[in-house]
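Read through the structure below, which is laid out as structure tokens, and then see the notes.
Residue numbers (the UniProt record's numbering), protein chains in the order written: chain A, 1 to 340; chain B, 1 to 340; chain C, 1 to 340; chain D, 1 to 340.
Have a look at this one:
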């Protein structure tokens, strides 16, 4: 059993803890946070299914003052830990890294950190082997993780020469009050980082793209214009995507009208928090222009990176040396593909 | 065991089915619907935890064509049923009533139906006794249900002479594409129906109010200006609300910044679909002006009527002749107040 | 002087009337509408700068009952008219056409009508010559009109082989209550009609695209991935766009952060209604991937078709046989390019 | 002629400059700003209808580098000035005050400043006489300004004992990217400052209230529950409001469905920037509960304080010693009431 500690109990950290708990070959040591929050309040109301550790004494006192049971300090948790999943705010992970080193534990950082925090820029599907035995890995961001699933999947089928990506990015998660837009789209400088990141992970593919922020909370929407090396039909693309256990194909006539339908569906499924690990691709959006193939993807930003982060544990700890086997284990434990 | 059938498997119907399933003295016969939908698709993916009945042969064929297992037709379900929870679209319930009569089953309608569909206009807390042995009950709407919880609770404490209500109404549920507003508030003709309905349920209280629709999905927000018969302090009001098992008191300094915080909290709690049965009142909003007391309420529109609808089953079937006992049973089975 | 009548005094009709009034070689006979509206109320408060005609006696009575001065009926207006700009709701134009024929007047329809209502599917820049002497023209829709400005402009510079278009479509105009989305993106079946329409107007270019609706009101946002026949640099593209009097180049460092900045800027400019006739292209979005060039466009949906509709008058009435001269006259009268 | 300088060329500053320009007994010296902005870019494109002064040399250089003609520095402008309208960001006005004192010029601050910046907390209608000959006045905020118009108007008619106020506050102005909410209502600690401010301006009235932020840009919506000293009918209230030149009565059946309708109407009216100086009260929202009267108000946040700020100039400069005459002059020059 690999001992895993989740540092940072925010939007991503909570879902990582849930995901690790579902793995039959991992043991969740607990979660660590730095301050009182609504999520910790909910953890207590649920009866502390996970042990909670405080990042330091000040934090421990603050949590105690709110009636939250604290199991100990970060250091104590690190002593029992093989690998940390660091889901702290951007920049904090880099500082935490020194402590992880001191305790000789490995760590997986999320997409908000700078690339140089890690030895490997990791994506479960596309470059599993690079993560083997690595001490510090950084996962691709939510958009990039989902995007690469789709592009890598096509690339393995027919070879992809280049992609042009338009991202309609949700500006806030449900419940966010510290950020938001009202009746406005916001344009970013191009190319977007997701295109650059894709080229780092899949260096043989050329990529560029434009990102615009939209005032919604339930998922990003990405369009991809891909130039394949050999011609691929719409039918072939659908069949290829359908085989992938982290991709769902959806259709307008099924009632999937957009990002909000997918959130509703995941709630109706009874998924905790209404989360979906899969990206969705609308069959109705797959079109061709000459050899180019274009399609639209839904990215569930809160949960999409969970599977690939768990893959990262498997790679770093060399729990499986073969990426395909590792990914299948993660999928099985998360229930991915079981619905097919 | 009371045999309950849920007719209409939409936003409310799904939650009624879940709520009935949790009652230790009720048996869910199944759910009935009239057409294929995302929710039915999710029901199938979950492995059909409930039996599904089709409203007629056309519908049965449509469901079968989509690979959905259908247990039978509405008529077959009605034969096994003691009481129906009708959660169909506004107006359909009135038509269904004839069939319920034919099969000699009782029914509880939701707030969208006209009052004359029922013998009793019902609210679990405020007028339980009126529902006893009734054949047809209509529940108050989501806003009215939550509003009456708070007003009735104060009324029982200190007597309420009159209330003036401002409702900021969410325009759509998460996942709705058939209605919505974009960057607009919409004003309704005053007084709002909730004020009128409150006077029907609590005839000794005078009420008026204004309703404005706002472009959000996670809950209505209501302010109440209440004139009590005897002076009541803010502290006393808080204590009174706190004793109520269907009311949660929340505070800004706990991180509850608004409706979206409450939705986030319920998701973090692991509640199915991120639902909350309770209304929330912000302690920070309770203020006085002379004898008048003013406060702000959050109404979780998708799930707030579930407890009172289950109370209605208890009343109609005379499972408990005492309202207090009935409500406590419903609460216990739904886990309400257990977190205190 | 060409006598112009505007039929339909809604969002587009009002702006057409304003635009025609600014032309030194056109005479606005007046505007026609079918029912009382806020816009007509505003027209009266402004002191009736245009004559108003009623579509029939019922409408005339309704307007009179609201104290609105009515100059006469549609038929009386048609007798004085050379050409109608029909800005009625989709489908109505086709019915009106019979009456226009009866009075021997030409007509220009907006993008909502079906193509077969007209002899020519028209875009001022791209196919002016086709509109010469035509009796019935249909203008491209707002997105297509703006899109073609940009694509045609590049096509004339370096030749365009194909384009892939992603449209983030605003769901409602400011003030709309009859349509809207709340916290949702809505996906359409691909390819979008704008891609198909582009191929009708510019048949030598291949086009496809995906459209997603976003809950905003101030303009559509389009990304275009264009494959040029010969390589073109970002600098060259910027210079080409800058020469076009119906395109504005904007930059993030100037403060143009998105669609809402552009609306604000137009308001600050003192443009009536805060309108802009120009499309805007962000210099910051222009990127290349191999030979392909990608860029992002803002489409001011309420006003973008006004210049090309006025071009259509010039073509149909053969006021200018040369497209370039015609467009320059329209531009001069509308003040387009004067700010450079 | 009173020489007026506007310091701060943001949302309010621009509108103050426009409003002062319309006064036949005031002379606009110019506007002052501290940094390049979209609004200054628009000022230049319009051909510099106002002289622009830079707050210091650094700013002058920045403006010059952007090709903006600068007339001089703040100090040079102050030498020609009788009174400043300070529309800088909250807190800046307090710092500027020292400079105004040095040059012996009076100043009117906007609602964002703390009350102690000024000798008088001012509202044109309610306390004009207090502003006479004052050196430093602070205007009520946008919500309070509009609210007091309505309450003061009723108070003069029938006496008001107390009010309870619910404010649905727009979170951002059109074009704002530095603030915003997405799919969230945000609750504030009660009582809101507008209730407290109302009691400062109208000390004989008791007030309390709750404020909730909503994700819209076109105006705040306020409900008022007022307890009059003597009974007043709905009809009487309507007639009283109608006489007020800074209040418009609107109705749902006229097409005014909410805040967005009002913005649309003002755009259709051809008002610069689509602005309205008047508050609007929906006749349809005026209801009674016992003696209490309740109604709903629209506050156009960008422009509502302009008339009262101009009144403040008249008071501070003692241009009129009588408030009624002063207000009528402001109204006449701004065209207020002219439409009746």
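Note that the Cβ used here is the ideal one computed from N, Cα and C, for glycine as well.
The way I'd put it, the stretch 160 to 168 of chain C does touch the stretch 191 to 210 of chain C; three or more beta-carbon pairs between them come closer than 8 Å. For residue 50 of chain D, DSSP assigns no beta-bridge partner whatsoever.
In the three-state scheme derived from DSSP, where H, G and I count as helix and E and B as strand, residue 272 of chain D is classed as helix. Residue 120 of chain A and residue 112 of chain A do not touch by the CB rule: their CB atoms are close to 17 Å apart, not below 8 Å.
Here residue 105 of chain D is near residue 78 of chain D, since their CB atoms are less than 8 Å apart. For the stretch 198 to 211 of chain D, the set of positions with a beta-carbon nearer than 8 Å to some beta-carbon of chain B reads 206, 207, 208, 209 and 210 in chain order. At least one CB atom of chain B sits nearer than 8 Å to the CB of residue 294 of chain D.
In this structure, residue 139 of chain A places its C-beta atom within 8 Å of the C-beta atom of residue 145 of chain A.
Collapsing the DSSP output to three states places residue 41 of chain B in a helix. Those residues of the stretch 277 to 308 of chain A placed with their C-beta closer than 9 Å to a C-beta in chain C are 282, 284, 285, 286, 287, 288, 289, 290, 292, 294, 295, 296 and 298, ordered along the chain. At least 8 Å separates the beta-carbon of residue 88 of chain D from that of residue 302 of chain D.
Taken in chain order, the complete beta strand (DSSP E) segments of 3 residues or longer contained in the stretch 77 to 153 of chain B are 83 to 86, 106 to 109, 120 to 122 and 136 to 139. Cβ neighbours of residue 9 of chain B within its own chain (closer than 6 Å, five residues either side excluded): 31, 33 and 39. For residue 180 of chain B, the nearest CB of chain C lies under 8 Å from its own CB, placing it at the interface with that chain.
Scanning its chain for C-beta atoms nearer than 6 Å, with the 5 sequence neighbours on each side dropped, one finds around residue 13 of chain D the residues 6 and 87, in chain order. Within 9 Å of the CB of residue 259 of chain B, no CB atom of chain C is found; the nearest one sits about 12 Å away. Here residue 256 of chain C carries a coil assignment [DSSP, helix/strand/coil]. The C-alpha of residue 57 of chain C lies about 41 Å from the C-alpha of residue 222 of chain D.
Counting along the chain, no beta strand (DSSP E) covers residue 182 of chain C, and no H or E run does either. Excluding its 5 nearest sequence neighbours in each direction, residue 251 of chain D has C-beta neighbours in its own chain below 8 Å: 282, 283 and 284, listed in chain order. Interface with chain B (8 Å Cβ-Cβ cutoff): residue 87 of chain A is excluded. Where residue 65 of chain C is concerned, the enclosing alpha helix (DSSP H) starts and stops at 57 to 65. Ranked by Cα distance from residue 94 of chain B, the first of B:109, B:84 and B:313 is B:109. The Cβ neighbour count for residue 260 of chain A, taken over all protein chains shown within 10 Å, is at least 16; the residue is labelled buried. Three or more Cβ pairs closer than 8 Å define a contact, and the stretch 272 to 282 of chain C meets that threshold against the stretch 256 to 275 of chain D.
Boundaries around residue 289 of chain D are those of the beta strand (DSSP E), 287 to 289, since no alpha helix (DSSP H) includes it.
Across the structure, residue 150 of chain D and residue 241 of chain D are spaced so that their CA atoms are roughly 7 Å apart. Relative to residue 207 of chain C, the option among A:294, A:203 and A:156 whose CA is nearest is A:294. Residue pairing by DSSP puts residue 73 of chain C in a beta bridge opposite C:54.
Residues of chain A whose Cβ lies closer than 7 Å to the Cβ of residue 143 of chain C do not exist, since the nearest Cβ in that chain is about 14 Å away. Close CB contacts of residue 107 of chain D within its chain, under the 6 Å cut and outside five residues either way in sequence, are with 84, 86, 100 and 136 (chain order). Considering only A:244, A:257, A:319 and A:297, the residue with the shortest C-alpha distance to residue 336 of chain A is A:244. Look at residue 307 of chain D here: in three-state DSSP terms it is helix. At a cut-off of 8 Å between beta-carbon atoms, residue 218 of chain A makes contact with chain C. Cβ atoms of residue 213 of chain A and residue 186 of chain A come within 8 Å of each other, at about 4 Å.
Among the residues of chain A, none has a CB under 8 Å from the CB of residue 168 of chain D; the nearest is roughly 13 Å distant.
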